[in-house]
Every structure is written in C-alpha cells, then in structure tokens.
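Read through the structure below, which is laid out as structure tokens, and then see the notes.
Residue numbers (full-length UniProt numbering): 1 to 287.
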C-alpha cells in the first residue's frame with residue numbers, strides 16, 4: 001500500500017532503545033505521557049516499566065509480535081485497564097478524570113468489542129456523542145449531523161439503518177472506528193484498526209485518520225500488525241516485546257532487519273520508498 005507524502009512528520013516515544021534519539025521539534029507540547037506503566041493480569045506481569053511520550057498532532061504506531069503487550073498498553077493508556085505507573089493527557093492524570101471528562105479528551109476503539117446485535121449502525125455510532133449530551137437529555141441536531149458525516153466518510157451511510165448483527169467483520173470494524181471518530185476527542189487510540197478490512201478500506205480508514213490528524217491536530221496511537229503500513233503512516237514507532245519497550249524512534253530506527261529478525265523471527269528486506277519511508281518485504285529462505 002502506497003500513499004501520498006505528508007506535510008509534517010515527526011514524533012517521539014520514550015525511552016529510545018536503539019537507533020537515533022527520538023525525533024521531535026523543541027517547543028511542541030506532549031499530549032500523552034506515560035511513566036513506568038505496568039500491568040499484571042491473574043498474577044502475571046504482561047506490561048512492565050513502559051514509558052512513552054507522544055506530542056500533540058503526532059502518530060505513534062505500537063508494533064510487536066502476538067502476545068507482546070500491545071493491546072494491553074493501549075487499554076492502560078485509555079484508562080480501561082488497572083495499571084501501576086502514571087498516564088497523563090495534557091498533563092492531567094487519566095485516573096483523576098471522570099468518565100465524561102476522559103471521553104472528551106480520549107477516544108478508544110478496541111479491536112473486538114461486544115456489539116449489541118439489534119442496534120442500528122447510526123445509533124451505535126451516535127454513542128460517540130454521549131460525553132456531550134446532558135444527563136436525561138437528547139442528542140442535538142449537531143450530534144446527528146456529526147454522526148452522519150463520519151458514516152459517509154467511512155462508506156457506512158448505506159448501512160445506517162442496518163442492525164449491527166447483520167454486518168460483516170470489516171463493516172463492524174469500521175462502525176467501531178466511526179463511533180470513536182464521532183467522539184471528536186483530541187486523542188485517538190486505535191487497536192488494530194485495519195485487521196478485518198480489505199485493502200481499499202484499509203487505505204481509506206488510514207487516510208481519513210491522517211487527514212483528521214493533520215487538519216485538527218489529532219494525536220493518534222495505534223497498534224498495527226502490518227509493519228509496512230505502520231512505517232508509511234506513523235511519525236514514530238515503539239516495538240514492544242514481552243511486555244517491555246525493545247526499541248523506539250522513527251520508523252527507520254525501528255524497522256530494521258535485525259530487530260524484526262530478533263523480535264518477530266522473520267527474515268525481511270527493508271526497502272525505502274520514494275518518500276524515504278521504510279517498507280518491509282518478506283524474504284523466503286533459500287531452498
């Protein structure tokens with residue numbers, strides 16, 4: 001998947017493990033910061049001592065093998081999973097925020113949420129406006145227009161009246177993303193947003209997120225399993241292995257043949273596209 005070049009590209013994820021120092025311009029405020037983030041589930045440590053720093057308007061891609069702790073990290077940052085350490089959004093500790101306050105700052109789209117099968121696509125996406133609707137109140141005309149606009153941009157308008165239980169896997173995944181985008185929060189956390197999508201909808205979703213990021217200063221953190229896609233869209237990358245940060249920096253810093261061999265067990269060749277971004281190509285073993 002190729003894409004057009006963008007106007008800005010820089011980011012940071014701390015601490016740097018290999019490669020150059022984390023990229024970034026001085027004077028840009030951090031939107032998300034996490035320090036010494038650790039998570040234990042059923043007495044087993046699944047995330048340990050993770051630190052990250054994402055500047056306002058940047059896109060951080062979190063990569064790693066299955067079971068490395070990527071989704072756990074996103075849940076901890078979102079405040080939906082108990083953790084030790086500290087997560088701050090605009091220097092405010094997430095754990096101190098009330099649910100409605102947090103939802104106005106941060107939208108989280110999980111990978112496989114439970115969807116009410118009888119709810120329509122429109123009504124589910126409209127739930128993203130909940131933080132702005134008064135208690136015991138009703139949605140406004142603006143809320144409904146914002147929802148309709150997002151559905152249109154994700155090719156979901158024809159399905160607006162369809163029940164969620166009658167959607168394909170890829171359609172359901174776009175509906176989950178629609179709800180997060182309808183929320184219009186300045187921070188967007190997406191867990192594997194393209195897993196069930198065909199190639200065309202993958203590009204459509206990623207380009208839409210990137211346009212919103214550049215136009216509105218959205219700060220994006222995604223987990224992605226496609227390393228080439230991650231390298232094309234992210235300003236900075238973090239490689240998680242066994243619950244710890246194994247490497248962080250620019251895509252060129254992290255997407256190296258040595259690191260991919262070590263942490264994914266895959267032989268690859270790293271190429272460079274016309275825009276200077278790295279691409280990851282599998283190489284078959286000699287037979």
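Ideal Cβ placement from N, Cα and C applies to all residues, glycine included.
Everything numeric in this text was worked out from a predicted model, so none of it was measured.
Asked	Found
Selected residue, minimal CA-CA separation from residue 199, among 187, 180 and 226	226
Limits of the unbroken alpha helix (DSSP H) element including residue 53	Per DSSP, residue 53 belongs to no alpha helix (DSSP H); it is in the beta strand (DSSP E), 44-55.
Assigned exposure category for residue 13 - 16 Cβ within 10 Å defines buried	Unreliable placement is indicated for residue 13, whose pLDDT of 38 sits below 50; no coordinate value is reported for it.
Rounded C-alpha distance that separates residue 234 from residue 132	30 Å
Under the three-state DSSP convention, the category residue 228 falls into	helix
Cα-Cα separation, residue 294 to residue 56	Because the chain spans 1 through 287 in this model, residue 294 falls outside it and cannot be assessed.
Among 69, 44, 32 and 72, nearest to residue 53 - alpha-carbon criterion	32
Residue 285 (DSSP reduced to helix, strand or coil)	coil
Spatial neighbours of residue 243 in its chain, beta-carbon cut-off 6 Å, leaving aside the 5 residues before and after	46, 47, 48 and 69
DSSP three-state assignment for residue 160, whether helix, strand or coil	coil
Backbone secondary structure at residue 72 - three-state DSSP	helix
Cα-Cα separation, residue 122 to residue 263	41 Å
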